[in-house]
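Remarks on the structure that follows.
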Amino acid sequence: MTDPRTEALEAAHRGLARTWIDFESGLATVPLIGRLLGGRLRLEDYRRLLLNLRQQVVEGSRWIARAASSLDAAHAELRSLFLRHAVAEHRDYLLLEQNYVAAGGDPALTATTPKNVGSEALSAWMFHAAGQPNPTGLLGAMFVIEGLGERLAAPWAEAAQRQLGLPDEAFTFLRYHGANDGDHLDMFDRALALAVATREAAEDVVRHARVTARLYRLQLEEIDHG
Amino acid sequence: MRPVFLTATGSHLPGPPVPSDAIEDHIGRLSPEASRRGRYMLRKNGIRTRHYAMDAQGRTEWTVARLGAAAAGDLFRRAEIGTERVSFLATATTQNDMMVPGLASGVHAALGLPPLEIASFQSVCASAMMALKAAWLQVGSGGHEAGLAVGAEFSSRYFRPGFYEGTDAVAADGTLAPDAEFLRWTLSDGAGAALLESRPAARGPSLRVEWISLRSYADRFPPCMTAGAAGGAPWSHFPSAGEAARAGAFMLRQDLPTLHAMLPVWIAELMRLIDEGLVAADEVDWFLCHYSAHSLREEMVRLATRAGCMIPEERWFTNLYEKGNVGAASLYLLLDDLMRSGRLEPGQTVLAAVPESGQCLIGFARFTVVEARHD
C-alpha cells in the first residue's frame, strides 16, 4: 500500500499533468496560436505577441519575490528557491524588448502599452495568491508558466522564424527559455515533493495551476483584441 | 440500469496468417523503393503476422459485412443462446462496403437474422467502443435481453497499387507520401464480435460491464487519420469523382506528427478516470490496450510512467504482433482472446482502452470477471 504522502504527491503530479495537457492541446484554438501552428502568422502577430508577453514578464519576478516574502521559516527551502527564481528572471523583459525592436517594433511602445485584459487578470491573481500566508500552491502557477518556456517556447520560435524570416536576434527570449527551463523543471519536482504532504496541499497546487492556465490562455486570446 | 454481462465472443480472421515478407503478395508492389520503406515501417510497428481478405490476384469472397457476420457466426457456435434471441445489433467499422446504407444493415442481412433493432457506428478504432457502449446501454436499460456488437475491417483493398497509381500521392520513384505509406503497412483485415446479456453465462466466465467512457478531443485536433478528402476539401466538393480520385481523395492517410501530439491527451484521459476514482492503476489485472504500432506503445509507456499512472507491463494483454492492427475489430479480437485464454479468475478487473487518431478520441471500458451462474 502506498503511503498517504506518496499518494498525495502522485495526485499532484497527475493533476498538474492533466492541467498542462488540457492547456497545451487547447492552445490550437486560440486564434493567434492557431495561426502560428497553421503557418499563417503575420509579422504584426509576432510583434503583438512579444509586446503583450512583455507586460506579464515584467510582473513575473515581482510576484515570485512577493511569494517568497510570504513564506515563513518552516518553508525556508522553498523560499530560497523562489528567491533564486526571481533573481534569474527579473530582467528577462529586456530580452523581450530587444526582440521586439529586432522584429521592427516601435521601442516607444514597450513601456507605454498597457497590459491586455488577460494579463491584468493573470497579474492580479498572481499578486493576490502571492500575498497569502505560505502560498505553496503557487508552485502550480510556476509549473504552468515554466512549462510554457520548457515545452512551447522553442517550437514557437522555430515556427515563427520559419514563417517570418526574421534574424535570430528577434527570437532570443523564446530560445533562452526553451534552452533553460529544463533545469527549472527538475528543481520544480524537488520543490513539489517538499510542499505537498497532504491531499489538500495537492489540490491547492493543482487549483493554482488551473487558474493560471485559464488566465494565461485569456492573455493569449486578448492579444487579438489589443 | 441493470447489470449487463459480456457472455460470449467470436472472431474471424480471413485466410492464413501472412508473414511480413509475403505482405506484398496481397496488397501488391508499388516500386522497389516503396518495398524498402515498407520493411522499415514493419520494424517500427513490430507486427509479425496479419490476415488479408484478398488473395495475391486481388480476388476475394469477402465484404466487410460478411467478415462481421462470420465473426458473429463464430460467436454463436459458443454462445448459450441462439441468434433468434438477439434483438439488438450494433456494428463498428472505419469504411463500410458502401457509403450508403450503414454496415449494421449489411451484417444483419449477411447473418440472416429476423427483423431487429440496429445501430451503425462509423469512425475509426474507437467505433468499436461506441458499438459496445450502445449494446451495453440497450441491454442495461431493459430495452433488450441480448445485444450483439460487431467490429469489422477490410482495409487491405484500399492498399493495392491501383488505388494509388495516377494520383498526386505517388512520387517518381513509386513511393508514397509518408502519410499514405504508414497505414499501408499497418492495417489488416478481420472481424470480432461480443454478446451482451442481462445475465451471466451458465458456463465459463463472463465480464460484467462496470462502465464505458468515450471522449472526443476534436475541439483541439485537426483530422489526423482520414479518407475521402484531399487538400482539406471533401471529395464531393471536387468537380467530379474522377478529379477527386486523381487528387488522392480516396486514400487512407495518417498524419504522424499529429498522431504523436495526441498521446499525452490519451494518457491524460486515463489520469482523469483515476482522479475520478473509476479505476486505480494497481487494481487492473488485465489491460487490453489497442495500439497501432509497437513504437507507439513504447512512447505511451514512457509517458504513463512519468505521470504515475502506469499499469505494470506484465498486465498488458495484446495480440497485435500476431493478428495485426485490425482497427474497429481490434477491441473484439482482444476480448475474444482474453475470454478464451483460460486465465480469467472471478473478481479480476479488466480495463480496455481504444485510442483513435481519426480526430482524437479515446474510449475506456471496465469489466469485472464473474463466475458461471448455475441455475
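Those sequence lines, one after another, are chains A and B. Mind the numbering: the first sequence is residues 915 to 1140 in this note's numbering, read in order. Mind the numbering: the second sequence is residues 115 to 489 in this note's numbering, read in order. We put the CB at the ideal spot given by N, CA and C, even for glycine. All figures in this text were calculated on a predicted structure; none of them were measured in a lab.
Proximity to residue i [Cα-Cα], best of the options
i	options	result
residue 978/A	1080/A, 1083/A, 1059/A, 1135/A	1059/A
residue 1125/A	1032/A, 1136/A, 1083/A	1032/A
residue 307/B	127/B, 116/B, 118/B	127/B
residue 1008/A	1041/A, 1104/A, 1107/A, 1084/A	1084/A
residue 476/B	242/B, 145/B, 187/B, 193/B	242/B
residue 1017/A	964/A, 1047/A, 1130/A, 1102/A	964/A
residue 439/B	176/B, 235/B, 166/B	166/B
residue 471/B	387/B, 239/B, 226/B, 146/B	239/B
residue 424/B	451/B, 484/B, 394/B	394/B
residue 409/B	373/B, 484/B, 421/B	373/B
residue 385/B	931/A, 923/A, 920/A	931/A
residue 1101/A	1076/A, 1068/A, 918/A, 1053/A	1053/A
residue 118/B	359/B, 411/B, 314/B	314/B
residue 231/B	208/B, 382/B, 198/B, 379/B	198/B
residue 154/B	140/B, 134/B, 169/B, 143/B	134/B
residue 1026/A	1068/A, 936/A, 966/A	966/A
residue 328/B	419/B, 337/B, 247/B, 280/B	247/B
residue 1087/A	1130/A, 1114/A, 1005/A, 1035/A	1005/A
residue 290/B	193/B, 365/B, 325/B	365/B
residue 253/B	309/B, 346/B, 342/B, 448/B	309/B
residue 235/B	447/B, 219/B, 229/B	219/B
Under 8 Å by beta carbon: chain B residues contacting residue i
i	result
residue 932/A	382, 385, 386, 389
Partner residues on chain A for residue i, Cβ-Cβ distance less than 7 Å
i	result
residue 379/B	935, 939
residue 423/B	928
Beta-carbon contacts of residue i that lie in its chain and below 6 Å, excluding the five residues immediately before and after
i	result
residue 200/B	260, 262
residue 1021/A	1015
residue 367/B	293, 294, 340
residue 152/B	299
residue 221/B	179, 182, 183, 205, 264
residue 929/A	1120
Where residue i meets chain B, residues with beta-carbon distance less than 9 Å
i	result
residue 929/A	385, 389
Contact list for residue i against chain B, beta-carbon separation under 7 Å
i	result
residue 924/A	422
residue 942/A	334
Close beta carbons around residue i, own chain, < 8 Å, minus the five adjacent residues each side
i	result
residue 223/B	179
residue 988/A	1048
residue 923/A	1106, 1107, 1110, 1116
residue 140/B	132, 166, 168, 169, 170, 270
residue 143/B	149, 275
Closer than 8 Å at the beta carbon, the chain A residues around residue i
i	result
residue 331/B	939
Sheet register partners of residue i (DSSP bridge)
i	result
residue 132/B	164/B
residue 304/B	267/B
residue 439/B	301/B
residue 1015/A	Answer is none; residue 1015/A lacks a bridge partner.
residue 480/B	325/B, 465/B
residue 498/B	Only positions 115 to 489 of chain B appear in the structure, and residue 498/B is not among them; the question remains open.
residue 348/B	343/B
residue 475/B	330/B, 470/B
residue 1074/A	Paired residues: none, contrary to the question.
residue 119/B	311/B, 322/B
Neighbourhood of residue i by C-beta distance below 7 Å, restricted to the same chain and skipping five residues each side
i	result
residue 483/B	319, 321, 458, 459, 460, 461, 462, 464
residue 287/B	145, 147
residue 1122/A	1043, 1051, 1052, 1054, 1055
residue 955/A	949, 1074, 1077, 1078
residue 430/B	401, 403
residue 435/B	160, 161, 162
My parser needs the beta strand (DSSP E) runs of 3 or more residues fully inside the segment 206-293 of chain B; what are they?
Taking only runs of at least 3 residues, the beta strand (DSSP E) segments lying wholly in the segment 206-293 of chain B are 231-236, 260-267.
In chain order, what are the residue ranges of uninterrupted alpha helix (DSSP H) at least 4 long that sit wholly in the segment 362-392 of chain B?
370-389
Pick out the complete beta strand (DSSP E) segments inside the segment 316-346 of chain B, 3 residues or longer, and give them in chain order.
320-330
Ordered list of alpha helix (DSSP H) runs contained in the segment 1032-1058 of chain A, each at least 4 residues:
The segment 1032-1058 of chain A contains no whole alpha helix (DSSP H) run of 4 or more residues.
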